[in-house]
Amino acid sequence: MENKNKFWKGFLAGALVMAFSGLVIVGVSAGIFLIGKAVMDDPAQARIVEEGSSDLKEGELDLDEINTKMNYIQKIIKEYYLFEEDAGAVEDGIYMGMMYGLEDPYSVYYNEEDYASMLEDTSGEYCGIGAMVSQNRSTGIATVTKVFEGAPSYEAGMLPGDIIYKVSGEDVAGMELDLLVSNYIRGEEGSKVKITVLRGESNEEVELTIERRQIEVPTVEHEMLEDHVGYIYVMQFDSVTSQQFADAVDDLQQQGMEKLVIDLRDNPGGVLDGVVEMLAYVLPEDKMDGLLLYTADKDGKGDRYYCEDGQLKYESDYGYKNSSFPREDGHQIDVPMAVLVNGNSASASEVFTGAIQDYEAGIVIGTQTFGKGIVQNLIPLGDGTAIKLTTAHYYTPGGFDLHKVGLTPDVEVELDEKLRTQAVVEKSEDNQLQAAIEALR
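Residues in the sequence shown are numbered consecutively from 1166, following this note's numbering.
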C-alpha cells in the first residue's frame, strides 16, 4: 500500500504542478490583468467585505453575505466566462462544496440522478460484476477486497488488491464509493464495462472487460468443517442477512455443531437492525438482558437496542418508532464461538464484534478493524435531491467509541501475504481461519 500511496501522491503532485504551470503562463497576460481590474472596480466587491450580520454566533454561516458574494461571482461569470455555463451543474457544485467544507468524508450531497441511484433496494440482488470494493476515505482509493468465484469479475481475471482506477476510460479515483458502484460499475444486464485497475507494487495498469450479470449476493454462506466446527461467512448486512444467518445457525445446529466461527472479514457493514437481530440470536441467555448498542448525537440523545425479558427492544430519545421491535427472541447458542475480522471489517461488523467482546461471548481473531463508529442519515430535500449527513456516534455495550480507532482482536493474526491477492483461498490454507479453529480447541 505504501507504493500505491506513492503513486497517488505522485499523480496528484503532477496534476498540481501542471495546473500551477498553466496558471503562471496565463496569469501574466495583460488580458487577465485587465479583467481582474475591471471587476475589482465594482462597488459590490466592497460590500461583500463590509457587510455581515453581527448577530451571528461563532461558527455560523452569514447567509446574507454569502448570497451577496454568490451574486457577485455570478455576475463575473456571466460577463467574462468563455464557455457556456451549465446552471444546474453549478448549483449542484455549490451544494457539494457546502458538504465538502464539513471535512467529513461521510457527509455528501446527492443530486437528483445520484439520489435515484441511491434508492436502489438492498435486496441482495443487483446487475453487476460480483466483486466487493472498499474505499479508503482519506485517500479516496477504491480497492477490490473480494472476488466471488464464478462471478463475471472472477472470469475476467480481477483480483483482491486491485485498485479501481478507470471505468470506461473515465478516471474515477476519489469518487464516492456509492456513486462509483451505482453509476459506473452496475448497469444493464449483458452490457460490458471496461475497468482499468492498478495491480501489484508496480501499479501495473490492467484493463479488464467484464460483462454485467444479475448477481445474487451471497450475504451469508455456511458449512460444517472438521471436528463439528460450524463456519458462517457474512459478506455484508443487507435486509435479507439476519434471516439467512438464523437459517445458517439452525442448519449447523441440526448437524451437531459444537463450535462456531463467524467470519466478518472484509464486511463493510450495512443494515443496523439486522446486526442486533443476529446478536440476539447467538448470545447466550445469561448475556441477553442487556444493551447491544446505543448511539448519541451532539446533544447526547440517541437510540438504544437492548434485550429484556426474552425480547429484543428498541428505544429512541426522539420518539421514533421501529415496527420491527419489540420482537420475541428465545434463541441462543451455547457453544464456544470465534469472530474473524480484519482492517476492512467496518461499521455494522464492528457493532457485532464489539458486543461479542464486551459480553465475553466469544474470542475475536484477526487484525485491527476499520474504525467507523459514526452514524449517517440520508435526508431527502424535497426536490429529488438529498444529503447524507453524519449525525451521531455509536457505542459498544461497554461504552467504547471505536471511531478512527477500531477494535483490537483478542488474538492478532495477519493473513499470509501470499493469500492476499488470491481470488479463492482454500479454508485449509487460510491461516486466520485455522488460528480461530485452534483457539476454539
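Note that beta-carbon positions come from the ideal geometry of N, C-alpha and C, so glycine has one too.
Would you mind stating whether residue i and residue j have Cβ atoms separated by less than 8 Å?
i: residue 1515; j: residue 1572; result: yes
i: residue 1377; j: residue 1315; result: no
i: residue 1604; j: residue 1528; result: yes
i: residue 1456; j: residue 1471; result: yes
i: residue 1358; j: residue 1350; result: yes
i: residue 1422; j: residue 1465; result: no
i: residue 1507; j: residue 1299; result: no
i: residue 1318; j: residue 1295; result: yes
i: residue 1436; j: residue 1402; result: yes
i: residue 1404; j: residue 1347; result: no
i: residue 1311; j: residue 1468; result: no
i: residue 1429; j: residue 1505; result: yes
i: residue 1612; j: residue 1537; result: Given a span of 1166 to 1606 for the chain in the structure shown, any question on residue 1612 remains unanswerable.
i: residue 1399; j: residue 1427; result: yes
i: residue 1539; j: residue 1496; result: no
i: residue 1449; j: residue 1513; result: no
i: residue 1321; j: residue 1375; result: yes
i: residue 1389; j: residue 1418; result: no
i: residue 1337; j: residue 1324; result: no
i: residue 1500; j: residue 1592; result: no
Could you pull the start and end residues of the beta strand (DSSP E) that residue i belongs to?
i: residue 1545; result: 1539 to 1545
i: residue 1332; result: 1328 to 1332
With a threshold of 8 Å on Cβ separation, who are the neighbours of residue i within its own chain once the five nearest residues in sequence on each side are excluded?
i: residue 1213; result: Because the pLDDT of residue 1213 is 45, which lies under 50, any placement of that residue in the model is unreliable, and the number read from its coordinates should be weighed accordingly. 1230, 1233, 1234, 1237, listed in sequence order.
i: residue 1409; result: 1384, 1385
i: residue 1548; result: 1277
i: residue 1272; result: 1264, 1541, 1552, 1553, 1554, 1555
i: residue 1280; result: 1545, 1549, 1550, 1551
i: residue 1570; result: 1536, 1538
i: residue 1356; result: 1376, 1377
i: residue 1198; result: Note that residue 1198 scores 36 on pLDDT, short of 50, meaning its location in the model is unreliable; the coordinates nonetheless yield the value given after this. Closer than 8 Å at Cβ, skipping near neighbours: no residue.
i: residue 1588; result: 1312, 1314, 1319, 1323, 1324, 1325
Ends of the alpha helix (DSSP H) at residue i?
i: residue 1557; result: Per DSSP, residue 1557 belongs to no alpha helix (DSSP H); it is in the beta strand (DSSP E), 1551 to 1560.
i: residue 1281; result: 1277 to 1283
i: residue 1477; result: Here residue 1477 belongs to no alpha helix (DSSP H); instead the beta strand (DSSP E) covers 1476 to 1481.
i: residue 1416; result: 1406 to 1419
i: residue 1320; result: 1317 to 1321
i: residue 1601; result: 1596 to 1605
i: residue 1261; result: 1252 to 1265
i: residue 1439; result: 1437 to 1447
i: residue 1235; result: 1228 to 1245
Enumerate in chain order the residues of its own chain whose CB-to-CB distance from residue i is below 7 Å, with the five nearest sequence positions on each side excluded.
i: residue 1413; result: 1385, 1387, 1397
i: residue 1462; result: 1556, 1557
i: residue 1476; result: 1491, 1492, 1493, 1494
i: residue 1519; result: 1561, 1565, 1567, 1572
i: residue 1249; result: none
i: residue 1659; result: Past the boundaries of the shown model lies residue 1659; the chain is included only from 1166 to 1606, so the question cannot be answered.
i: residue 1444; result: 1457, 1517, 1520
i: residue 1441; result: 1457, 1458, 1470, 1477
i: residue 1585; result: 1325, 1326
Look up residue i in the DSSP assignment and give the residues it is bridged to.
i: residue 1297; result: 1311
i: residue 1460; result: 1559
i: residue 1425; result: 1395, 1502
i: residue 1468; result: 1481
i: residue 1273; result: 1553
i: residue 1576; result: 1530
i: residue 1455; result: 1472
i: residue 1335; result: 1332
i: residue 1616; result: This structure leaves residue 1616 out entirely; the chain is present only between 1166 and 1606.
i: residue 1402; result: 1435
Excluding five sequence neighbours on each side, which residues of the same chain lie with their C-beta closer than 6 Å to the C-beta of residue i?
i: residue 1487; result: 1479
i: residue 1481; result: 1468
i: residue 1580; result: 1597
i: residue 1339; result: 1305
i: residue 1439; result: 1402, 1406, 1407
i: residue 1182; result: Bear in mind that the predicted position of residue 1182 carries a pLDDT of just 33, short of 50, making it too unreliable to give a figure here.
i: residue 1364; result: 1327, 1371
i: residue 1575; result: 1528, 1529
i: residue 1606; result: none
i: residue 1600; result: 1530, 1578
i: residue 1331; result: 1361
i: residue 1523; result: 1561, 1562, 1563
i: residue 1193; result: Note that residue 1193 has pLDDT 34, beneath the 50 cutoff, so the model's placement of it is unreliable and no number is given.
Would residue i count as contacting chain C if we go by Cβ distances under 8 Å?
i: residue 1471; result: No chain C appears in this structure, which consists of one protein chain only.
Note down, one range per segment and in chain order, each beta strand (DSSP E) of at least 3 residues found wholly within the segment 1490 to 1527.
-> 1502 to 1506
Going along the chain, which unbroken runs of the alpha helix (DSSP H) with 4 or more residues stay wholly within the segment 1340 to 1395?
-> 1342 to 1345
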